[in-house]
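Report on the following structure.
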Amino acid sequence: IVQLRSGAVGFNAFLKKIEQSTNTLCRQYRGLETVNHFLFFCRRYREQRQKLKRSLGHNAHTAREVLGNPKKSNSPVRYALTTNRFQH
15 IVQLRSGAVG FNAFLKKIEQ STNTLCRQYR GLETVNHFLF FCRRYREQRQ KLKRSLGHNA
75 HTAREVLGNP KKSNSPVRYA LTTNRFQH
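Quick note on the numbering used here: the sequence shown kicks off at 15 and runs consecutively.
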């Protein structure tokens with residue numbers, strides 16, 4: 015959660031910033047790969063995102079709302095794990 019909040023996570027936009035990637039795009043759908051892209055837009059995770067939205071309710075429209083609610087912190091963690099995006 016801390017890395018997602020800060021943006022210092024292994025998405026290409028951040029990796030390019032620290033010179034660990036040559037591009038900023040999502041490998042799957044060519045959008046700028048950022049935390050917002052991962053949470054709200056990447057078509058690859060559409061199914062998992064629907065579950066996240068249901069668990070958070072309709073008030074989760076920003077990364078701050080999704081990642082900043084301590085009472086609902088399990089929801090974005092579960093989302094991140096079920097996407098398998100951070101598997102090595």
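Idealized CB from N, CA, C, for every residue including glycine.
Problem set entry | Val80, buried or exposed, once every other Cβ within 10 Å from all chains shown has been counted against 16 | buried
For this session: Given a cut-off of 8 Å, decide if Arg58 and Gln34 are closer than it, judged by their beta-carbon atoms.
Result: no
Problem set entry | Cβ distance (whole Å) where Asn73 is taken to contact Glu47 below 8 Å | The pair is not a contact, with the Cβ atoms about 25 Å apart (cut-off 8 Å).
For this session: Kindly indicate the opening and closing residues of the alpha helix (DSSP H) around Gln39.
Result: The sequence as given places Leu at residue 39; Gln does not occur at that position. Leu39 -> no alpha helix (DSSP H), and no H or E assigned at all.
Problem set entry | Expected contact under 8 Å - CB spacing of Phe55 and Gly45 to nearest Å | 6 Å
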